[in-house]
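Asks: A single structure is presented below for examination.
2 protein chains.
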Amino acid sequence: MSRLAGVSIKTVSRVLNREKRVAEATRAKVNAAVASLNYRPNVAARTLAGHRSFQIALACDNPSPYYVYEMQSGIRDRCQMDGVRMIAQPYDHDSERLLDDIESLVDASGVDGLILTPPATDYPEVLALMARRNVRFVRVSPGTDLDLTASVFIDNVGAATAMTRHLLALGHRRIGFISGHASYATSTQRLEGYRSALDDADIAFDPLLVRPGDYDFASGADATEALLALRDPPSAIFAANDDMAAGALSVAHRRGLSVPAQLSIAGFGDDAVSRFVWPPLTTIRQPTRTLGYQAADLLLAGEFKIERREVPFELVRRESTGPLRSAGSAAG
Amino acid sequence: MSRLAGVSIKTVSRVLNREKRVAEATRAKVNAAVASLNYRPNVAARTLAGHRSFQIALACDNPSPYYVYEMQSGIRDRCQMDGVRMIAQPYDHDSERLLDDIESLVDASGVDGLILTPPATDYPEVLALMARRNVRFVRVSPGTDLDLTASVFIDNVGAATAMTRHLLALGHRRIGFISGHASYATSTQRLEGYRSALDDADIAFDPLLVRPGDYDFASGADATEALLALRDPPSAIFAANDDMAAGALSVAHRRGLSVPAQLSIAGFGDDAVSRFVWPPLTTIRQPTRTLGYQAADLLLAGEFKIERREVPFELVRRESTGPLRSAGSAAG
DNA sequence: TTGTACGCGTTATCAT
DNA sequence: ATGATAACGCGTACAA
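Top line first, the protein sequences correspond to chains A and B.
Take the numbering used here: the final residue in the first sequence is number 332, and no numbers are missing along the way.
Take the numbering used here: the final residue in the second sequence is number 664, and no numbers are missing along the way.
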């Protein structure tokens, strides 16, 4: 017991929990004792006795490592401020275990809060769970039941509309769209933005120009092959995320298409992938790290209320980047 | 208490902990009760009473999101088998907080084990901490004090030697090397392999051909600019990781150099980045996910002993991939 | 094979 | 402002 060091008994608890009613003198003594003994309160005991675990969980399943990395980084940044730990709880989007994992996170681990990313954010069973539980939940980019939990998001529809308008402004009339997996609301929203921009421009929607993907590189490549194989192929391709855009790009290269001279490619993501492929892609920059930070902040900051926080996106233009012509001439 | 459901008292504990001496009948009854009540033992209570927390931590700081993602995935796969959770504990490699974080992970959170990745694996203070603690530690790719803790690794020296030999066999005589940050033992080891192969081929080591990087895209690009600016530039560049190789590639593109016709680029990583840049790069495939899995396995499987596990690497050749010529001719 | 009593280290409640 | 005491929910040791 740190009582030996200090002079008071478990007033230590008050000090450590930064409670109001403590004399400045006692507080100092306790703090000194804590420092000298390198004392660290046991988390398990605090969890058992109190009602907080000093842990939050991130239930995340996304094919893009960058997304996961940035999301975790943002959450970490916020957690560090409160001395809270993050449990990383990956899940397979088709796994039966998800619900069980979440429940045991709440029941057994007693986490103070849970952050969910798509597609689980919109699973009916998960929504039902959240509805009957009295736990802090924050959903990132949810698609349905927006008032059920707190959430952070960007305007996916607006972002996709902006990008599509941008491509239209460049003169493109046939724009291919590679969607994400249908279970991701973000994918649906981005497709909606795409359609909306076409509508505004009075361009007929051609279902052939929309190909399903899986938010990963390979599916982006496959979808692009399909789009380029069309009788009347698109002059631009807008992928619902950067990994798929990178896949699209690889196909362009493989086929010897100059980008963007012969084929424009646009992406959507946190601008890591889009920046380091060649040529760097025009993309919608989604500040994933900020999404994570804000999600954690909703969980940790004071009173918890069901609040919706929108984070701004940015359209990053990179058309000016030279086409591969220079590379070609050098090679030829 | 689930006593109401079952008939016995806290023999439940025995059942849940899969102890030997329990009658098959009682076990069945208890299990039924557990299932019907959806009972989940409280982790905090178990941690407090017992001596396990059912949590392990991954202290990881790596500039490559793919590395982190794959590492976590491997650990997750193994943890899932034992119902153990993973705490993701990122750190800044220059942070004073690291030691404090690790200690509180052990003292306060009472994790059952800790997995460390470079560069923290070789920090003297961290090593000292591990030496005086009686906790399960596993280091991934450590560089020093190999007998201090259990570890998993690939033969970095051998891998770099193999790649360098490969480049030599292709006819290259001036091979640039982009190292990682000096605090990463893996970087030093890979450089050593590079030098070793040169020695074997009786090629004088030219310090100008070695440029420091930071294991990230930007530093790879910078180092490449420097290498190409040399009076006698290299015909091939071997980067100590794939992110830097991608950076090198971007410079080649920007300068209109055909890859690999005019400049060969080789990488080192888990083959995600190297596969989706253009052209896909020859690389040393390090099975990062396997490293994570094995690290977790060392922690969780039975008796813990200080064991060293080596995982095989693979040299993935991709020179046959066409140069950019086709793209160029199409563009021109 | 199963049940009982105690303790893990902290917070919460109530006195003081 | 501070101290005593009872939980918190489970393992462990020992008894039955």
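We put the CB at the ideal spot given by N, CA and C, even for glycine.
Remember, it's a predicted structure, so these values are computed and weren't measured experimentally.
Could you pull the start and end residues of the alpha helix (DSSP H) that residue 315 of chain B belongs to?
Replies: With chain B represented from 333 up to 664, any question about residue 315 of chain B goes unanswered, as that position is not in the structure.
Asks: Whole-angstrom Cβ separation of residue 496 of chain B and residue 472 of chain B, contact assumed at under 8 Å?
Replies: 24 Å between Cβ atoms; not a contact.
Asks: Measure the C-alpha to C-alpha separation of residue 344 of chain B and residue 642 of chain B and round it to an integer number of angstroms.
Replies: When rounded, the distance between both Cα atoms is 41 Å.
Asks: Does DSSP put residue 309 of chain A in a helix, in a strand, or in coil?
Replies: Three-state DSSP puts residue 309 of chain A in a strand.
Asks: Anything in chain A within Cβ reach of residue 348 of chain B, meaning under 8 Å, just list it in chain order.
Replies: Near residue 348 of chain B there are no residues of chain A at all, since even the closest Cβ is about 11 Å away, more than 8 Å.
Asks: Who are the Cβ neighbours of residue 568 of chain B in its own chain at under 6 Å, not counting the five residues just before and after it?
Replies: Contacts found: 499, 504, 507 and 596.
Asks: Could you tell me the alpha carbon to alpha carbon distance between residue 409 of chain B and residue 587 of chain B, rounded to whole angstroms?
Replies: C-alpha separation (whole angstroms): 43 Å.
Asks: Output the distance between the C-alpha atoms of residue 261 of chain A and residue 251 of chain A, rounded to the nearest integer angstrom.
Replies: Roughly 15 Å separates the two Cα atoms.
Asks: In chain B, which residues lie less than 7 Å from residue 47 of chain A when you measure between Cβ atoms?
Replies: Ordered by position in chain B, the residues that pass the 7 Å Cβ test against residue 47 of chain A are 376.
Asks: Taking the C-alpha atoms as reference points, what is the distance between residue 435 of chain B and residue 493 of chain B?
Replies: Whole-angstrom Cα-Cα distance: 38 Å.
Asks: If we define contact as Cβ-Cβ less than 8 Å, is residue 293 of chain A a contact residue for chain B?
Replies: It does not: the Cβ of residue 293 of chain A has no partner Cβ on chain B nearer than 8 Å.
Asks: Which value, in whole angstroms, describes the spacing of the CA atoms of residue 581 of chain B and residue 477 of chain B?
Replies: Cα to Cα, residue 581 of chain B sits roughly 36 Å from residue 477 of chain B.
Asks: Could you tell me the alpha carbon to alpha carbon distance between residue 319 of chain A and residue 377 of chain B, rounded to whole angstroms?
Replies: If you take the alpha carbons of residue 319 of chain A and residue 377 of chain B, they lie about 58 Å apart.
Asks: Could you pull the DSSP bridge partners for residue 212 of chain A from this structure?
Replies: Answer is A:179.
Asks: Buried or exposed for residue 324 of chain A, going by 16 or more other Cβ atoms inside 10 Å?
Replies: Confidence at residue 324 of chain A is low in this model, with a pLDDT of 36, below 50, so the placement of that residue is unreliable and no value is reported for it.
Asks: Between the stretch 210 to 222 of chain A and the stretch 237 to 248 of chain A, do at least 3 Cβ pairs fall closer than 8 Å?
Replies: Output reads yes: the stretch 237 to 248 of chain A touches the stretch 210 to 222 of chain A.
Asks: Leaving out five residues on either side along the sequence, give the residues of the same chain with a beta carbon under 7 Å from the beta carbon of residue 193 of chain A.
Replies: For residue 193 of chain A, where only same-chain residues beyond five positions count, the Cβ hits under 7 Å are 156, 157, 158, 159, 160, 161 and 164.
Asks: Tell me where the beta strand (DSSP E) around residue 80 of chain A begins and ends.
Replies: That residue, residue 80 of chain A, is in no beta strand (DSSP E); its alpha helix (DSSP H) goes 65 to 82.
Asks: In chain order, what residues of the same chain lie with their CB nearer than 6 Å to the CB of residue 326 of chain A, ignoring the 5 residues before and after it?
Replies: In this prediction, residue 326 of chain A scores a pLDDT of 34, lower than 50, which makes its location untrustworthy; no coordinate-derived value is stated.
Asks: So for residue 171 of chain A, helix, strand or coil by DSSP?
Replies: Coil.
Asks: Here's the rule: buried if 16 or more other CB atoms are within 10 angstroms of the residue's CB, otherwise exposed. What is residue 463 of chain B?
Replies: It counts as exposed.
Asks: To the nearest angstrom, how far is it from the Cα of residue 529 of chain B to the Cα of residue 627 of chain B?
Replies: Their Cα atoms are separated by approximately 30 Å.
Asks: So that I know if they touch, is there some Cβ in chain A lying closer than 8 Å to that of residue 549 of chain B?
Replies: Yes, residue 549 of chain B counts as interfacial toward chain A.
Asks: On the DSSP letters alone, give me the boundaries of the beta strand (DSSP E) that residue 549 of chain B sits inside.
Replies: Per DSSP, residue 549 of chain B belongs to no beta strand (DSSP E); it is in the alpha helix (DSSP H), 549 to 560.
Asks: For residue 419 of chain B, decide whether its Cβ has a neighbour in chain A, counting only Cβ atoms nearer than 8 Å.
Replies: Closer than 8 Å to some Cβ of chain A, the Cβ of residue 419 of chain B qualifies, so yes.
Asks: Are the CB atoms of residue 646 of chain B and residue 617 of chain B within a distance shorter than 8 Å?
Replies: Against a cut-off of 8 Å, the Cβ pair of residue 646 of chain B and residue 617 of chain B comes out as a contact.
Asks: What are the boundary residues of the alpha helix (DSSP H) that residue 109 of chain A is part of?
Replies: Segment: none, residue 109 of chain A is in no alpha helix (DSSP H) and carries neither H nor E.
Asks: Using only CA atoms, which one of B:431, B:357 and B:456 lies nearest to residue 422 of chain B?
Replies: Of the candidates B:431, B:357 and B:456, the one whose C-alpha sits nearest the C-alpha of residue 422 of chain B is B:431.
Asks: Answer with buried or exposed for residue 663 of chain B, where buried requires no fewer than 16 other C-beta atoms within 10 angstroms of its C-beta.
Replies: With a pLDDT of only 29 at residue 663 of chain B, under 50, the local geometry of the prediction cannot be trusted, and no value is derived from it.
Asks: What is the DSSP secondary structure of residue 150 of chain A, reduced to helix, strand or coil?
Replies: Strand at residue 150 of chain A.
Asks: Is residue 201 of chain A helix, strand or coil when you go by DSSP?
Replies: DSSP places residue 201 of chain A in coil when its eight states are reduced to three.
Asks: Examine the Cβ distances between the stretch 27 to 40 of chain A and the stretch 198 to 212 of chain A and report whether three or more of them are shorter than 8 Å.
Replies: Not touching, per the Cβ criterion.
Asks: Below 8 Å on the Cβ atoms is my contact criterion, and I expect residue 388 of chain B with residue 447 of chain B to pass it. Report the Cβ-Cβ distance as a whole number of Å.
Replies: Between residue 447 of chain B and residue 388 of chain B the Cβ distance is about 7 Å, and since that is below 8 Å, they are a contact.
Asks: Hey, quick one: how far does the alpha helix (DSSP H) through residue 608 of chain B stretch, first residue to last?
Replies: Counting along the chain, the alpha helix (DSSP H) containing residue 608 of chain B begins and ends at 605 to 608.
Asks: Among the candidates A:240, A:40, A:62 and A:169, whose CA atom is the shortest distance from the CA of residue 201 of chain A?
Replies: Answer by Cα proximity: A:169.
Asks: Give me the Cβ distance between residue 268 of chain A and residue 239 of chain A, rounded to the nearest whole Å; I'm assuming they're in contact under 8 Å.
Replies: Contact flag correct, Cβ pair sits at about 7 Å.
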